[in-house]
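Written below as structure tokens is the structure these notes are about.
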């Protein structure tokens with residue numbers, strides 16, 4: 001009895017000591033009336049250790065298992081948490097939970113509910129990243145899911161770099177956000193079908209933003225609006241996107257984003273500056289694999305050691321290519337080619353000297369009167385961009401079918417356009433839709449115009465030239481560096497088009513990329529002359545690098561003849577029409593009417609109500625057209 005009484009007294013003394021350490025501030029902190037966060041957890045650790053040892057002696061397995069888990073979680077916090085002062089009254093609720101557990105165990109009752117470690121309502125404000133020193137060439141702000149960050153293009157002794165300043169979130173805040181993520185998963189149910197559908201994906205984001213805002217407001221009621229928006233954005237990016245990379249995807253100035261490996265910084269292709277190194281770097285290779293798996297799951301694909309390659313599209317339309325180690329010997333890599341949200345129009349291309357007014361007016365005439373055009377050039381020379389910029393010249397009420405491997409074209413709303421894309425086979429090798437399948441099928445859909453993303457195979461080329469000869473207007477791109485090389489590529493393997501069919505191509509436009517100066521230009525505008533088994537190029541315009549201008553080289557021998565035969569216009573009327581087109585384009589440049597839909601609206605009025613447009617140009621009042629409702 002004496003031993004038992006002595007043990008009970010020791011227990012009481014131990015409990016008293018623990019309670020005092022929990023409630024009573026240390027002497028050093030007494031004046032400020034605070035209790036150190038780390039000391040608080042050390043006290044709780046001691047408390048649960050004492051409780052655990054007692055239950056272990058009593059051989060109460062259920063309680064021992066539970067208390068062991070709680071003790072382990074608290075031990076982790078003692079090790080990881082930064083020191084942060086807290087007022088004693090803030091601890092009362094948490095200590096009550098500890099007392100409740102103690103009483104339950106003391107009375108020999110089973111603890112049926114899951115007990116989690118004390119909740120922490122402490123949050124650190126995201127820390128701002130220090131600026132890089134150097135000459136700031138550009139500075140702007142990006143917003144992604146409410147979260148705003150600053151971007152600077154900085155030039156220093158080592159070169160030009162892309163600096164994005166994403167505030168750092170501390171450990172305590174990250175732990176709180178992890179808890180919020182679990183809560184959001186519980187209250188927001190999402191199906192895989194919704195995630196892969198671009199229309200429903202937008203509504204999912206709205207639901208998540210609303211739910212995340214409510215959860216943050218409930219847990220952190222006194223948070224300022226800027227921090228709240230940043231945390232909401234962070235949650236959405238981590239749960240529905242690709243984390244920090246989402247900021248880069250939202251940047252309209254970027255064309256491509258490359259994650260080379262976790263050992264190197266992310267690189268971006270910036271319009272006007274080319275490839276730039278960023279200040280973002282992946283934590284480890286697992287983070288890159290995780291992003292690759294997220295993308296693969298959303299398109300119903302797999303990427304792993306057996307299938308280390310992935311080519312897919314995000315719901316935003318951006319194209320993603322992923323390659324895993326050891327296929328890429330440096331590590332796992334992801335390349336994102338961004339889909340143009342605001343594509344270049346012909347007004348942009350004239351303004352930045354990619355083409356001239358003369359060449360643009362000539363191309364307008366060719367497309368309006370259903371002539372066939374092939375755009376050639378090297379890799380990344382701007383073939384597809386130029387093709388897309390020329391398509392608004394097509395008159396309304398004509399059916400347009402585009403066929404691409406990757407959706408890159410974007411036409412204005414006034415056009416009657418059906419975009420078709422190829423499909424790769426599933427893991428079982430089924431469900432593939434090739435370009436040739438779409439080409440053959442498109443001829444049964446009664447199109448007026450056919451646009452082919454890229455001509456690569458003999459079968460595709462033959463179907464395309466057959467379409468030209470059966471009265472369809474065709475526009476396509478081809479890899480070739482000059483008009484002469486275009487002919488060579490067409491008549492030789494793998495395309496093998498008979499040379500006598502080449503006369504169907506009315507115009508060949510050659511694009512060129514000057515990598516040193518970081519510019520793209522129309523290198524040549526040529527017509528193809530075919531006599532019997534021979535075909536040659538007659539270059540009408542060419543780019544002169546010394547003056548950075550496009551000059552006339554030769555007179556047309558076939559283009560204007562074909563145009564006259566198709567339209568009934570003589571040379572004087574053709575020249576008058578060209579001058580009219582140049583005046584309209586020049587007016588659009590002066591009034592800075594350059595976005596796709598505004599330019600498309602002007603083209604629509606030109607074909608439907610030409611006099612109204614010419615009157616607006618004469619009065620220099622673009623609002624007479626742009627303010628009108630369709």
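Residue numbers (the numbering used here): 1 to 630.
Backbone N, C-alpha and C fix where the C-beta goes; we use that ideal spot for every residue, glycine too.
Decide if residue i is buried, meaning its Cβ has at least 16 other Cβ atoms within 10 Å, or exposed.
{"i": "residue 338", "result": "buried"}
{"i": "residue 520", "result": "buried"}
{"i": "residue 270", "result": "buried"}
{"i": "residue 610", "result": "exposed"}
{"i": "residue 275", "result": "exposed"}
{"i": "residue 231", "result": "buried"}
{"i": "residue 494", "result": "exposed"}
{"i": "residue 22", "result": "For residue 22, the predicted model reports a pLDDT of 43, less than 50, meaning its position is unreliable; a value from the coordinates is still stated below. So residue 22 counts as buried."}
{"i": "residue 547", "result": "exposed"}
{"i": "residue 83", "result": "A caution first: residue 83 carries a pLDDT of 45, below 50, which makes its placement in the model unreliable, though a value can still be read off. When all chains shown are included, residue 83 counts as exposed."}
Just verifying my parser: in three-state terms, what is the DSSP assignment at residue i?
{"i": "residue 302", "result": "coil"}
{"i": "residue 491", "result": "helix"}
{"i": "residue 472", "result": "coil"}
{"i": "residue 392", "result": "helix"}
{"i": "residue 446", "result": "coil"}
{"i": "residue 277", "result": "strand"}
{"i": "residue 632", "result": "The shown model of the chain, from 1 to 630, leaves out residue 632, and the question about it has no answer."}
{"i": "residue 497", "result": "coil"}
{"i": "residue 153", "result": "strand"}
{"i": "residue 148", "result": "strand"}
{"i": "residue 72", "result": "helix"}
{"i": "residue 112", "result": "For residue 112, the predicted structure reports a pLDDT of 45, less than 50, and the residue's modelled location is therefore unreliable. A value from the coordinates is still provided. In the structure shown, residue 112 sits in coil (DSSP, three-state: anything other than H, G, I, E or B)."}
{"i": "residue 564", "result": "helix"}
{"i": "residue 413", "result": "coil"}
{"i": "residue 21", "result": "Residue confidence is low: residue 21 scores 44 on pLDDT, short of 50, so the model does not pin down where it sits. No coordinate-derived value is stated."}
{"i": "residue 439", "result": "helix"}
{"i": "residue 553", "result": "coil"}
{"i": "residue 27", "result": "Per-residue confidence for residue 27 stands at a pLDDT of 41, beneath the threshold of 50, marking its modelled position as unreliable; the derived number appears in the next sentence. The answer is helix: DSSP assigns residue 27 an H, G or I state."}
{"i": "residue 457", "result": "coil"}
Relative to the C-alpha of residue i, which candidate in the options has its C-alpha closest?
{"i": "residue 185", "options": "461, 134, 239, 291", "result": "239"}
{"i": "residue 283", "options": "332, 56, 312, 391", "result": "332"}
{"i": "residue 447", "options": "416, 483, 435", "result": "416"}
{"i": "residue 596", "options": "388, 304, 619", "result": "388"}
{"i": "residue 247", "options": "166, 503, 592, 441", "result": "166"}
{"i": "residue 538", "options": "525, 546, 544, 547", "result": "525"}
{"i": "residue 299", "options": "213, 308, 313, 377", "result": "313"}
{"i": "residue 497", "options": "465, 231, 527", "result": "465"}
{"i": "residue 587", "options": "614, 543, 551", "result": "614"}
{"i": "residue 598", "options": "623, 618, 580", "result": "623"}
{"i": "residue 604", "options": "589, 437, 411, 499", "result": "411"}
Check this for me: beta carbons of residue i and residue j, under 8 Å apart or not?
{"i": "residue 559", "j": "residue 506", "result": "yes"}
{"i": "residue 380", "j": "residue 513", "result": "yes"}
{"i": "residue 133", "j": "residue 163", "result": "no"}
{"i": "residue 463", "j": "residue 490", "result": "no"}
{"i": "residue 510", "j": "residue 556", "result": "no"}
{"i": "residue 245", "j": "residue 257", "result": "yes"}
{"i": "residue 278", "j": "residue 260", "result": "no"}
{"i": "residue 508", "j": "residue 477", "result": "no"}
{"i": "residue 180", "j": "residue 219", "result": "yes"}
{"i": "residue 403", "j": "residue 442", "result": "yes"}
{"i": "residue 150", "j": "residue 141", "result": "yes"}
{"i": "residue 642", "j": "residue 183", "result": "The requested residue 642 does not occur in the structure, where the chain is confined to residues 1 to 630."}
Need the endpoints of the alpha helix (DSSP H) that residue i sits in, please.
{"i": "residue 511", "result": "From DSSP, residue 511 is part of no alpha helix (DSSP H) but of the beta strand (DSSP E) over 507-514."}
{"i": "residue 186", "result": "171-187"}
{"i": "residue 344", "result": "No alpha helix (DSSP H) contains residue 344, which DSSP labels as neither H nor E."}
{"i": "residue 586", "result": "571-590"}
{"i": "residue 358", "result": "357-368"}
{"i": "residue 247", "result": "245-250"}
{"i": "residue 523", "result": "Counting along the chain, residue 523 falls outside any alpha helix (DSSP H), though it belongs to the beta strand (DSSP E) covering 519-531."}
{"i": "residue 624", "result": "623-626"}
Determine the extent of the beta strand (DSSP E) in which residue i is found, giving its start and end residues.
{"i": "residue 376", "result": "373-377"}
{"i": "residue 600", "result": "Unbroken run through residue 600 is the alpha helix (DSSP H), 596-608; no beta strand (DSSP E)."}
{"i": "residue 544", "result": "534-544"}
{"i": "residue 420", "result": "416-421"}
{"i": "residue 235", "result": "Taken as a continuous stretch (DSSP letters only), residue 235 belongs to no beta strand (DSSP E), being part of the alpha helix (DSSP H) at 225-240."}
{"i": "residue 311", "result": "309-313"}
{"i": "residue 270", "result": "267-270"}
{"i": "residue 657", "result": "Nothing can be reported for residue 657, as the shown portion of the chain is limited to 1 through 630."}
{"i": "residue 331", "result": "No beta strand (DSSP E) contains residue 331, which DSSP labels as neither H nor E."}
{"i": "residue 159", "result": "159-165"}
How about residue i: is its C-beta nearer than 8 Å to some C-beta of chain B?
{"i": "residue 537", "result": "Here chain B cannot be found, since the structure has a single protein chain."}
The ligand ADP heavy atoms versus the CB of residue i: any closer than 7 Å?
{"i": "residue 210", "result": "The ligand ADP is not part of the structure shown, which contains no ligands of any sort."}
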